[in-house]
Amino acid sequence: MLDLVIRGGQVVTPQGVGAWDVGVEGERIVAIAAPGTLPRDAGRIIDATGKLVIPGGIDPHVHTHWPIPALGGGHTTSAPPEQVSRAAICGGTTTLVDFAVWEPGMTIARAIEEKE
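Residues in the sequence shown are numbered from 1 upward in steps of one, following the numbering used here.
This is the structure in structure tokens:
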């Protein structure tokens with residue numbers, strides 16, 4: 001049994017946009033099928049009629065806990081990873097690549113170690 005079926009939407013795939021139903025098990029898309037052909041006993045069914053169904057976006061340039069110059073001098077930091085992740089998902093971005101803070105004289109390896 002599928003955990004989720006998204007029915008009736010215009011689905012965006014690498015091959016183009018079309019009327020398809022999407023089947024999901026766990027966190028994976030396991031089926032993209034002609035409308036009405038997926039089982040009707042899914043754990044949850046979403047009617048996406050009149051909507052676009054698109055894969056989550058990828059943001060390859062994110063800064064969390066990044067030092068930012070503050071007005072009047074000094075520094076503040078950007079939001080922590082949890083807040084940045086929540087904000088991203090609200091806009092449809094499901095994958096983030098965070099940058100490590102690098103300072104002159106620091107090796108890239110050290111910057112990555114400190115980020116972890």
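Backbone N, C-alpha and C fix where the C-beta goes; we use that ideal spot for every residue, glycine too. As the structure is a computational prediction, the values presented were derived from the model and not from experiment.
- Going by C-alpha positions, F99 is about 37 angstroms away from W20.
- Straight across, the Cα-Cα distance linking M1 with P39 is about 8 angstroms.
- In this structure, I6 sits near I46, with a CB-CB distance shorter than 8 angstroms.
- From the listed residues E103, E114 and C90, the smallest Cα separation to G57 is found for C90.
- Relative to A88, the option among I68, H63 and L71 whose CA is nearest is H63.
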